[in-house]
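Taking the numbering used here, the leading residue of the sequence shown gets 933, the next gets one more, and so forth.
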Amino acid sequence: MLAQVLKVRRLLNFGCRWNSSLFVQESLLDALKERGLLQHISEPKQILDRQIRNGDRIKLYCGVDPTAQSLHLGNLIPFMILLHFYVRGHDVVPLVGGATGMVGDPSGRSTERKEMALSARRENVAKISGQLSTFFENGWKYYQSRVPKELQNERGSVINTDNYEWWKDVNMLEFLSKYGRHIRVQSMLSRDSVSSRLKSQDGLGFNEFTYQILQAFDFYHLYKTKGVSVQVGGTDQWGNITAGIDLIKRLEGNQDKQPAFGMTVPLLTTSTGEKFGKSAGNALFIDSKINSSFQIYQFFVNTNDEDITKFLKMFTMLSMPSIVSIIKEHQLQPQLRLAQRRLATEVVDLIHGIGCGHDAEIASDILFGNINRSFSAAELIRIFQNARILQQSSLGIPLSELVMKLLDSSKAEAKRKLAQGSIYLGISKTKVIDDLIDLNPYLIDEKVLIIRIGKRRCHIVEFK
């Protein structure tokens, strides 16, 4: 009985435009396209659309290899699709590639990845798995805080997975004997990730050439063992995704019961064509220990007007009418950057948890002089702890040593910053060029120091 009730709720709310005055139903797939999240979907997509409209419970997966300690913003786009399904009662399977990470995906790369130590890779797997669990939990709370209660669904389930769990027991000869006959080399050679590397000076290693086989088998394994029917990935993953669909068709034959589908999201770029990611050198990581709420807030609050609508659609769950209203209000006084401030608050709340966006906004206003009130040291400590940028130190050390610690630089570099007049202390932003030891005149309640280094870097230091 409960399953029937949940199915009816998914049927009623599968694609509603929340916060609108009219209760308008639409295809979830169309809604994702409208948000700029869905670029390609494999055929027969009308079957998947019909299943969603009928309230059927779908299982989707998206994989990421543990090439770093944290996911970055570019990684989040396909997981945003999973989140939209998850909050509507569908099940999601975030996969971390503990096995495929050992091989290396050539998609979107001109050179081979450097080999990573086993201990580092396993540590990354654990950290990213934890981040994905946190992302979906925070995403659910974010959804509940933004969507009217009468329009909310029961959420689906999150099934965290590491493909090392099944690959560690696979015997190569048995695998080739059982599955090799179903994999066509002509198709493998024709995929963009392979053909582009074959033409390059560095060529392509056999390990990377076989990566698409591993990813294809992952899809088949999840399809057979967990009932996963949809794989989501970046646009550069289309060849690997379709390889999985082809393998499922060859092994399962007639798919009258449940076809397999693939979805891709567009590459995340700015209006200037700048790509997000580690290889581009501008990755912003979602782990608050690497990039604080304040840093994420500052990144989005500096978004160009040309990108603001796109990012509001992709990175938030605000209704489309709400986004239109925000943009209209912003255009009346663009110098106030109202849309950017709203975007930044929304994204921080989504990634780091409800309330973190507000604290990051207050922290930004305090640091950049956009707020007309004074704060006690206790208030500042709370705000900047929540914004994850509070640092601690001891009184009595030279200013150059404090700057060196904050910048993680040499003492010579810290002294150079002082000599250049790049250091500003306190609420009053007093320029300091001397290597002071007594910082008491600049402290708030004899405990907290605001220190600016250059035009953009701000630090809050609590002295113990």
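Even glycine gets a Cβ: it sits at the ideal position worked out from N, Cα and C.
First and last residue of the uninterrupted alpha helix (DSSP H) at residue i
i	result
HIS1441	Outside the shown range of the chain (933 to 1396) lies residue 1441, about which nothing can therefore be said.
LYS1181	1170-1184
GLU1394	That residue, GLU1394, is in no alpha helix (DSSP H); its beta strand (DSSP E) goes 1389-1395.
GLY1071	1050-1078
TYR1398	This structure gives no information on residue 1398, because the portion of the chain shown stretches from 933 to 1396.
SER1109	1104-1111
GLN978	977-985
PHE1316	1309-1318
ALA894	For the chain, the structure presents residues 933 to 1396; residue 894 sits outside this window and is missing.
THR1032	1032-1035
GLU1097	1096-1099
Where the beta strand (DSSP E) through residue i begins and ends
i	result
ALA1322	Residue 1322 is actually Leu in this sequence, not Ala. Start and end: 1322-1325.
LEU1331	First-last for LEU1331: 1331-1339, but that is the alpha helix (DSSP H), not the beta strand (DSSP E).
ARG1087	Where ARG1087 is concerned, there is no enclosing beta strand (DSSP E), given that its DSSP letter is neither H nor E.
VAL1164	1162-1166
PHE1193	1193-1197
THR1362	1362-1364
ILE1355	1355-1357
CB-CB length for residue i against residue j, believed under 8 Å
i	j	result
LEU1003	PHE1217	7 Å
SER1326	PHE1395	7 Å
ILE1283	ASN1070	7 Å
PHE1401	TYR1018	One cannot answer for residue 1401 here, as it falls past the ends of the chain, which runs 933 to 1396.
ASP1023	ILE1115	Incorrect: roughly 28 Å between the Cβ atoms, too far for contact.
SER1065	VAL1028	Not really, about 11 Å apart at Cβ, beyond 8 Å.
LEU1179	TYR1152	5 Å
LEU1014	VAL1164	6 Å
ILE1315	VAL1279	With a Cβ gap of about 18 Å, ILE1315 and VAL1279 do not count as contacting.
Residue i in three-state terms, based on DSSP
i	result
ARG967	coil
GLY995	strand
ASP1023	strand
ARG1384	strand
ILE1369	coil
ASN1151	Note on residue identity: the sequence assigns Phe, not Asn, to residue 1151. The answer is helix: DSSP assigns PHE1151 an H, G or I state.
PHE1217	strand
VAL1233	helix
LYS1207	strand
THR1202	coil
THR1142	coil
ILE1013	helix
ILE973	strand
LYS1156	helix
PHE955	Only weak support is given to the placement of PHE955: the predicted model assigns it a pLDDT of 35, under 50, and the value that follows is read from those uncertain coordinates. It is coil, neither helix nor strand.
Counted within 10 angstroms of its Cβ, other Cβ atoms place residue i as buried (16 or more) or exposed
i	result
THR1293	Looking at the sequence itself, residue 1293 is Glu, so the reference to Thr does not match. By the neighbour-count rule (16 or more Cβ atoms within 10 Å), GLU1293 is buried.
GLU1097	exposed
THR1174	buried
GLY1021	buried
SER1109	exposed
THR1157	exposed
SER1360	exposed
PHE1107	exposed
PRO1373	exposed
GLY1088	buried
ALA1192	buried
ASP1340	exposed
SER1203	exposed
THR1093	buried
ALA1351	exposed
GLN1076	exposed
VAL1380	buried
ARG1113	exposed
GLY1033	buried
LYS1349	buried
SER1306	exposed
beta-carbon residue i near the ligand ATP non-hydrogen atom, thresh 6 Å
i	result
VAL1393	No copy of the ligand ATP appears in this structure; indeed no ligand is present at all.
#### Entry: Contained alpha helix (DSSP H) runs [length at least 4] in the segment 1235-1297, N- to C-terminal order
1237-1247, 1252-1264, 1270-1284
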